[in-house]
Every structure is written in structure tokens, then in C-alpha cells.
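K.L.:
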Amino acid sequence: MEVATPLEGLFASYGTSTAYDEMFTDQMHARAPYRTLFERIQNLSVAELTQRQQAADLSFLHRGITFTVYGHDEGTEKIFPYDIVPRILSRAEWDRIERGLAQRIVALNLFLRDVYHEERILNDGVVPRRLVYSCKHYRREMQGVRVPHDNYVSIAGIDLVRLPDGAFAVLEDNLRVPSGVSYMLNNRQVMRNIFPRLFQHYHIRTVDDYPKELLTTLQELASPQHPGPMVVLLTPGVYNSAYFEHTFLARQMGIPLVEGRDLLVHNNKVYMRTTAGLRRVDVIYRRIDDDYLDPIPFRSDSALGVPGLFNAYRDGNVILANAIGTGIADDKALYAYVPAIIKYYLDETPILQNVPTYLLEKDAERSHVLANLDKLVVKAVDESGGYGMLIGPHSTAAQRKEFRQRIEANPRGYIAQPTLSLSCAPCFIGEKIVPRHVDLRPYVLYGKDVRIVPGGLTRVALTKGSLVVNSSQGGGSKDTWVLDD
Amino acid sequence: MLSRVADSLYWMSRYLERAEHTARLLNVHLHGLLDQKADYVTERWERVFQSLYVDMPLDPGAKPQVMINTLVHALMFDPSFHGSILESISRARQNAREVREHISSEMWEQLNRLFLVMQQMKEHDIRNGNAYGFFQQVKDGAHLFQGVTDATNSHDQGWYFIQLGRYFERVLATVRLLEAHFEGQRRIEGVVLGNTPYMEWVDLLKSCTAFEAYCRTYSANIDPASATSFLLLHPEFPHSVRFGIGAIRRALDSLTDEIPLLRGSEALRVAGRLQATLQYDSISEIMQQNVQQYLRDISIRCTAIHEAMHNTCIAYPVEHALPS
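Protein chains in written order, with our numbering: chain A, 7 to 491; chain B, 11 to 334.
1) Return the Cβ separation of A/P356 and A/Q109 in integer angstroms, given the expectation that the two are a contact with Cβ distance under 8 Å.
2) If the cut-off is 9 Å on Cβ atoms, which residues from the segment 259-270 of chain A count as contacting chain B, listed in chain order?
3) Do A/C430 and A/I439 have their C-beta atoms closer together than 8 Å?
4) Between B/A220 and the rest of its own chain, which residues show a CB-CB distance below 7 Å, the 5 nearest in sequence each way excluded?
5) Express the C-alpha separation of B/S236 and B/N37 in angstroms, rounding to a whole number.
6) Could you tell me which chain B residues have their CB closer than 7 Å to the CB of A/R293, listed as they occur along the chain?
7) My parser needs the beta strand (DSSP E) runs of 3 or more residues fully inside the segment 79-110 of chain A; what are they?
8) My assumption, with CB atoms under 8 Å, is that A/V213 sits in contact with A/L269. Please give the rounded CB distance.
9) Which residues in the same chain as A/G398 place their Cβ atom closer than 7 Å to its Cβ, once the five residues preceding and following it in sequence are excluded?
10) Does the beta carbon of B/V328 come closer than 8 Å to any beta carbon on chain A?
11) Using only alpha-carbon positions, find the residue among A/C141, A/P39, A/V159, A/L116 that is nearest to A/H207.
12) Is any beta-carbon of chain A found at less than 8 Å from that of B/A16?
13) In whole angstroms, what separates the C-alpha of B/A281 from that of B/I255?
14) So who's on the other strand from A/M278, going by DSSP bridges?
15) With a threshold of 16 other CB atoms inside 10 Å of the CB of A/P233, please say whether the residue is buried or exposed.
16) Could you check whether the Cβ of B/Q167 sits closer than 8 Å to any Cβ belonging to chain A?
17) So what's A/H209 in DSSP terms, helix, strand or just coil?
18) Along chain B, in chain order, which residues have C-beta atoms closer than 8 Å to that of A/T253?
19) Report, in whole angstroms, the separation of the C-beta atoms of B/A190 and B/R57, which I expect to be a contact under 8 Å.
20) Name the chain B residues that come within less than 9 Å of A/A256, Cβ to Cβ?
21) Taking the alpha-carbon of A/V112 as reference, which of A/I261, A/H374, A/L468, A/R457 has the nearest alpha-carbon?
22) Select from B/L243, B/L215, B/Q299 the residue whose C-alpha is nearest the C-alpha of B/I232.
23) Can you tell me which residues form a DSSP beta bridge with A/L446?
24) For A/H272 and chain B, any beta-carbon pair shorter than 8 Å?
25) In terms of alpha-carbon separation, which member of B/W169, B/E276, B/N122 lies closest to B/V15?
26) May I ask you to report which of helix, strand or coil DSSP gives B/M131?
27) What residue does the alpha helix (DSSP H) around B/G42 start on, and which one ends it?
28) Taking DSSP as the reference, what is the three-state secondary structure of A/L326?
29) Skipping 5 residues on each side, what residues in its chain have a beta carbon closer than 8 Å to that of A/P417?
30) Kindly list, in the order they appear in chain C, the residues whose Cβ is closer than 8 Å to that of A/L284.
31) Taking the straight line between their C-alpha atoms, what separation do you get for A/L428 and B/Q104?
32) Quick check: the segment 261-275 of chain A against the segment 312-323 of chain A, are there 3 or more CB pairs under 8 Å?
33) From A/A327 to A/G481, what does the alpha carbon distance come to, in whole angstroms?
34) Considering only the beta carbon of each residue, do A/L116 and A/Y341 sit closer than 8 Å?
35) Of the residues A/I330, A/G163, A/Q57, A/R182, which one's Cα is nearest the Cα of A/P303?
36) So with Cβ pairs under 8 Å, would you call A/T241 a contact of chain B?
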């Protein structure tokens, strides 16, 4: 076996682990897509890289690309930490991801259509009926409701991780209101300013047309007899942590940014209040969760929503993207059935694999999990953002005891997965280039066709050894390049 | 344009105008206090509060200097105090924040900067007696914002709502100031209110940035009729009531292109009529009648214009506004 060549300079402290490394082979050679980047960085001094990092940070601050931190005084806005070393995917790698995502979103849409209508997949026993009905985000109100074009999920942000063998696997589907796409777009803008020469060398596929593709997708949802539909973006308002993204997307698409109080329902039709009178609204890209959309059928204490919206929706007078009730497919126990769902509706093998998942309602799997809590990751089925998790190898005996009790009390509420070794990518931290764990969230659009802009949001666990990439828990992000050749 | 956005632009502008007006008024008032006998301090403070539409938080036992500090602090910083300068600026900023996509970055940055500077100055500088520096910052900040707005924002629908906010606030403030002035004179009839009547009129004019402009028109000889006429009926002075109403009517007129419902609306009718009244009434007639009644009448009609506009563009009943 060839001996690994030790790296020098900025990379001197770059060590490898069992995880797949995005930049280096086991012999510590730069992989083909990274070769030019590697050389370029080696020729830069710490001072030059630091100066570029500062330029990037300042650029985010000045553009007001911030998120609101909860639990602090009003006006606490922070920038999302940004790493200046891009993550690079070859064309072949991307092609596979793209086909896999398209397959997945088509199958999940067929599944949602079926579950809210004929329930064939439940009758055939492929997915347990009880599992679906007990999903936190299952909406009985949607039973039999006709959704235009049977398009339930038009926007998804599917989280991928790369396993030690280099293959991508799906970690979460995020079919409700995925966020972060504005970071993908702004990361690219900032990157162009700080590394213009690298862009000249690499042929990087653009992501800048995402807002245009999103608008086209939303317009395609409207009835074809209705040219020039009025599309709006519904935001919870200025205090929402993703408010910047809402304003950014609305501006980039050139559509009104509305709040619940701007909309009203009259005769089962949705209007927005403009100075020149009421204006009919046809398509709502909503960035509000199901629970808060309409206080009449859902949470009555919600002041964010629009009373009567659900009835107008059920009557087919307005289109919501995404549809109501798509969150069933986000349930982590249901996630385990997605390969079976793909097989059932498309008669295809999944192109992107799932992460092995133990369902704790099954006795054998539960006893295996309870015996191995220190090696596995346990997740609550309806939590996201890195909350409600037990990471076995990093846990204390007390935490394991607590999760054991929780699992035994409510086996439906939890799943377990092996502790994944997410792939590592080089990051510039503390004047050195060091490996950190990353994931990848591409954004999938589905109107008449599936559209996926080549790239996505690469999230980074900035703390050494950490596997948690969520922005609420100390994660950062970096630009993601998909090469054209 | 969304009604909510128009409303926020309107109030952003109104609150900022209010902050500037309060700063100017306090500045003149504190200067005036330095030159006079202590006898009528309370009465003069009452007049200031009256002209700002708020009740004076009064502690009858307090020593004059303590009372002054309390009142100045209330009008500058007290967040619970309706119309304090900091509160007004904070509300203007809050409104701007909700419509950041509809104003230029320069406008947002200017307003945000003003807010941050004011917050820093809170407590610190005033205790050192630097109230005048504070007032100057507020006035400069507000003027800069207006200049930036005119220079960087499209003069579109939103801009007209910004104009409406500014001039409604200004007209109501000037009218109210005049009212309080005449009310003060009536209440302590025959008594010279701590200072010479001449200085009272000078302060009144200064409170509306009108003293220099007045002198250019009438010389430094001030008589009640001329001063009242200048503040009420002058066609070109930007703080006169007539000028303000003219600006409001023009803004409403310009909006009819995009808001057909405004055409022939109650708002335009009342505004046009009030403008004509101010254009053709003579000061001698006004002074012979009950001046305070005349001023109250203008306030009522201004409020009517605001409400009519609000009911047409912002909070209209659903049935009236359905698309045809």
C-alpha cells in the first residue's frame, strides 16, 4: 500500500479519519476536482486567506444576511458563519444526486396523493396504516381534497450525507418549509468576489437562476386557463428567524411579500389588501407551518395565518406550495419506508440510499437498539434542527438511561440509526486548514417537471469532531460548486 | 402596493417628524426657561405637554430643577411615555424595518444609525447637561433622512405616503402649538407669562423653525396677527399649515393615478376644501373670531382627511374594494 504523503504549510495539521474526505484520497492526494483549488490555497499566505475571510464576513453583514437569534433582545441579528473553502462536486457525482432526488420527490408526491385518497399503499400493507395515521403532521382534513396537478411537494430541501465509501445517502427529506436557499445564493455571490480567479479556471454551473426556477415552478401550479397568476410569498413576519430569506426570495422573484394580516378570504377566495383595493391571490408560496396557516381548522391561537384560507384551498380557489399535510413524509419512522415507497410507485431501485434505520415498534429492532445505545444515534421522529437527539458515543450514562425510558414509554416516537461518519471537507479555521464534517442540502423544485439547480447548501459542523451542522447549534456553511466538465 | 406597506411608510415618516418636532420644541423651551423668572415654570411646562397632546407627569412637591430633569427625561427617553423622542424614533425604525424592501438601503441605514446614536446617548450625555447636542442630533438626523429619501427613493406611490405622513404630523403639530399658545394667553389673562410677550411669540415662531423666515417677511416686529398669519396662511413656508395642507392635497392627487378609489373621495374633497379655506381666509377675520375655535376646526378636518384616506386605502371594508 502506498504511504500517505504528509501535507505541508496551511495543511500541516490536516489529519484524516475513517470518514470520507471530500478533498483528499487516502494517500492524501487532492482529488481531481480539487487539484487546482489545493494548489491555489497552498500558494496563499495565512494573512491573505484571513483577509479574504474578513472580506466575506463583512460582505454578509453589510448585505444584512443575518438570522434572528431567539431568546435574546429584539434586534439581535447574527451572520451565519461562513467558510471560504468551497466544496466541489464533479459532474458525475452531481448527475447521480440529481437523478436520485428527482426519483425521490416524484415517488413521495405519488405517496402523498395516495395516502390522502385511495390509500392503496396502506391497503397493500407496504406502509403500516397506523404509522401514517400517527404521524404528527398527518392532516385528516386533507383526506379527499383535490390538490392541483396532484402536486403536494413543490419545494423540498433534501439533506444528503456522504458515507465512508463515498456514496451519498439521504438523511432527511424536509418536505414542509425548508429554508437556507438564500445562503446558497449569497454564498456564491460572496465567493465570486473573494476568489474571482478560481472562477475563471473552474467551469462552475450556476445556481443564480434558482429564484427564476422557483417562480416558474409556482406559476406552473396555477391553472393553465389562468395566465399571469398572482403569486405571493407568505411570511410569518419580521420576527421569524428566516425573514431575511423571505424578503430576499420575494425580491428576487419580483412577487409581493405578504403577512397573514395582508390577506383575507371573501366568498372562499383569497385577496390581498392593496392601496388600490383587493387583489385576487392565486398561488401562495407559504413559509408558515401548517399549524399556523388558518386559525379555523388548525391552531386557533395563531395570529400569523388567514382565517378561511383552508376552505378556499379546499375549494380549489387558491394554491398552496407546499400543500398542507406533506409533513407525514418527514416523520423519521416513515422515512425508513421511502425505499419501499419508491419501489411501490415507480418499480425502481432507489438511486440514493437511505441511512439504515431501526424502527423501535418492532420488538427485535428495539431490543437491539436498547442493548447498543452507546453506539447508535436516537432521534425523536418529529423533531428537527438537531433537537431531541441522543448521540450514543458522545452520551453520558444518565442520558442513555433517560432515552431508554423514553423509548420504552413511546417506541413510536423514536428511531435509531448507526452513528454516521459524515464526510469531511477542508475548512479555514484558526489560521489553519482543517477537516470538518459536512452535509449537503440541494433544493428540489417540482412543478410540471423536476428542477434542481446544480449545487445546494453545504453545512459545516465548525466544532472539531462535531456531527451537528444545524445553524441553531453552531453550524456554518460554505459554497458548493458543481463542475460542468 | 400592499396596504400594510403604505401604512408602515406613512407612520415611519410621521413618527420621525414627531421626534424632530418634539426635539425642536424642547430645545426652544429649555432655552426660554433660562431667561425667565421661576414663577410660571409649571404653566409653561404644561403648555409644552399640551401642545404635544400628552398629560404632564407632575409631582407637585418636587423642586424645580428636579422637576425639569424628570420632564426632560420623560420627553426624551421614556419608552412608556407616548411621544418621547426615543420612542418616536424607535417606532419609525420599527415601521421601516417591516418594509425594508420598499425603502432604499440609504434610508434604512440613516434611520438605523439615528436610532443607535440616540440609544447610546440615553442617560449618558443628558446627565452631563448636553441636551442641546442631543436635540441637534435628532434634528439633523431627521433632516438627513428626508434628504436621503428624496434623493434615493423613487417618487412613487410609497414616496407619496411618506409625504402624507410627514405633512399630517407637521400640520397637526403646528395647529396644536398655536392652540396651546392662545390657550395659555387666555388662561392667565393680563399676566405676563414669565417673560415678555414679545419673547413668547419669538419662541413660538422658533418652535416651527419660522423665526428667520418671519423676519424676512415682516421684519423683527412681531404682532399676534402677523405671526399667526405666517404660521397658518403663508403659502410658501414649509411649516405653515397652508403649505402642509397643499402638500397633502397634491400627494393625494398624485395617488389617484394608481388608486382610482381616491378619485373624488372624501379625503380629496375635505383636503381641497380646507386648502381653499386657508387660501382665501383673511387673518383679520380669523383674529376677530374665536381663533381657538378656528384652529380646532382645522385639526378636526385634518383628522377627517387622515381617516378618509385610511378608510379608502388601508382599512377599507371588503365589499367596497372587490376587484370588478
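The beta-carbon is built from N, C-alpha and C at its ideal position, and this holds for glycine as well.
P.N.:
Well, looking at it:
1) As a working mapping, residue 356 of chain A is identified with position 350 in the first sequence. As a working mapping, residue 109 of chain A is identified with position 103 in the first sequence. About 7 Å separates the two Cβ atoms, so the contact holds.
2) Taking 9 Å as the Cβ-Cβ cut-off against chain B, the residues of the segment 259-270 of chain A that qualify are P262, L263, V264, E265, R267, D268, L270.
3) As a working mapping, residue 430 of chain A is identified with position 424 in the first sequence. As a working mapping, residue 439 of chain A is identified with position 433 in the first sequence. Going by C-beta atoms, A/C430 is not nearer than 8 Å to A/I439.
4) Within the second sequence, residue 220 of chain B is the residue found at index 210, counting from 1. The residues are F240, L241, F247, H249.
5) Numbered from 1 along the second sequence, position 27 holds the residue referred to as residue 37 of chain B. Numbered from 1 along the second sequence, position 226 holds the residue referred to as residue 236 of chain B. Their backbone Cα atoms lie some 24 Å apart in a straight line.
6) Position 287 of the first sequence holds residue 293 of chain A. Correct list: empty, because the minimum Cβ distance to chain B is about 15 Å.
7) Within the segment 79-110 of chain A, the beta strand (DSSP E) runs of at least 3 residues that lie entirely inside it are, in chain order, 83-85, 88-95.
8) Residue 213 of chain A sits at position 207 when you count from the first residue of the first sequence. Residue 269 of chain A sits at position 263 when you count from the first residue of the first sequence. No, A/V213 and A/L269 are not in contact; Cβ-Cβ is about 31 Å, not under 8 Å.
9) As a working mapping, residue 398 of chain A is identified with position 392 in the first sequence. Around A/G398: L379, D380, K381, L382, V383, T425.
10) In the second sequence, the residue the question calls residue 328 of chain B occupies position 318. By this cut-off, B/V328 is an interface position.
11) Numbered from 1 along the first sequence, position 201 holds the residue referred to as residue 207 of chain A. Nearest of A/C141, A/P39, A/V159, A/L116 to A/H207, Cα basis: A/P39.
12) Reading the second sequence from its first residue, position 6 is the one you call residue 16 of chain B. Chain A, which has a Cβ nearer than 8 Å to the Cβ of B/A16, makes this yes.
13) For the purposes of this step, residue 281 of chain B is taken as residue 271 along the second sequence, with counting starting at 1. For the purposes of this step, residue 255 of chain B is taken as residue 245 along the second sequence, with counting starting at 1. If I take the Cα positions, the gap works out to 7 Å.
14) Mapped onto the first sequence, residue 278 of chain A falls at position 272. A/M278 pairs with A/L269, A/R285.
15) Here residue 233 of chain A corresponds to residue number 227 of the first sequence, with the count starting at 1. Exposed is the call here.
16) Looking up residue 167 of chain B in the second sequence gives position 157. Chain A, which has a Cβ nearer than 8 Å to the Cβ of B/Q167, makes this yes.
17) Mapped onto the first sequence, residue 209 of chain A falls at position 203. Residue state, collapsed to three classes: coil.
18) The residue given as residue 253 of chain A occupies position 247 in the first sequence. Here the neighbours are R110, E111.
19) Position 180 of the second sequence, counted from the start, is the residue given in the question as residue 190 of chain B. Position 47 of the second sequence, counted from the start, is the residue given in the question as residue 57 of chain B. Between B/R57 and B/A190 the Cβ distance is about 5 Å, and since that is below 8 Å, they are a contact.
20) What you label residue 256 of chain A is simply residue 250 of the first sequence in a count that begins at 1. Result: E111.
21) Position 106 of the first sequence, counting from 1, holds the residue named residue 112 of chain A. Of A/I261, A/H374, A/L468, A/R457, the residue nearest in Cα terms is A/R457.
22) As a position in the second sequence, residue 232 of chain B is number 222, starting the count at 1. Checking every option, the nearest Cα to that of B/I232 belongs to B/L215.
23) Walking along the first sequence from the start, residue 446 of chain A turns up at place 440. Answer is A/L166, bridged to A/L446.
24) What you label residue 272 of chain A is simply residue 266 of the first sequence in a count that begins at 1. Yes - at least one Cβ of chain B is within 8 Å of the one on A/H272.
25) As a working note, residue 15 of chain B is residue 5 in the second sequence. Out of B/W169, B/E276, B/N122, B/W169 has the C-alpha closest to the C-alpha of B/V15.
26) What you label residue 131 of chain B is simply residue 121 of the second sequence in a count that begins at 1. In the three-state DSSP reduction, B/M131 falls in the helix class (H, G or I).
27) Indexing the second sequence from 1 puts residue 42 of chain B at position 32. That run of the alpha helix (DSSP H) goes 13-44.
28) Taking the first residue of the first sequence as position 1, residue 326 of chain A is located at position 320. A/L326: strand per DSSP, three-state reduction.
29) As a first step, residue 417 of chain A must be located in the first sequence, where it is residue number 411. Apart from the 5 residues on each side of it in sequence, A/P417 sits with its Cβ closer than 8 Å to the Cβ of L366, E367, R372 in its chain, given in chain order.
30) The displayed structure is made up of protein chains A and B, and chain C is not among them.
31) The sequence position of residue 428 of chain A within the first sequence is 422, counting from 1. The sequence position of residue 104 of chain B within the second sequence is 94, counting from 1. Near 42 Å, if we compare the C-alpha coordinates of B/Q104 and A/L428.
32) Touching, yes, given that three or more Cβ pairs across the two stretches are closer than 8 Å.
33) Position 321 of the first sequence, counting from 1, holds the residue named residue 327 of chain A. Position 475 of the first sequence, counting from 1, holds the residue named residue 481 of chain A. When the Cα atoms are used, A/A327 and A/G481 turn out to be separated by approximately 28 Å.
34) For the purposes of this step, residue 116 of chain A is taken as the residue at position 110 of the first sequence. For the purposes of this step, residue 341 of chain A is taken as the residue at position 335 of the first sequence. Against a cut-off of 8 Å, the Cβ pair of A/Y341 and A/L116 comes out as no contact.
35) Taking the first sequence and counting its residues from 1, one reaches residue 303 of chain A at position 297. That would be A/I330, whose Cα lies nearest to the Cα of A/P303.
36) One-based indexing of the first sequence puts residue 241 of chain A at position 235. So, not an interface residue.
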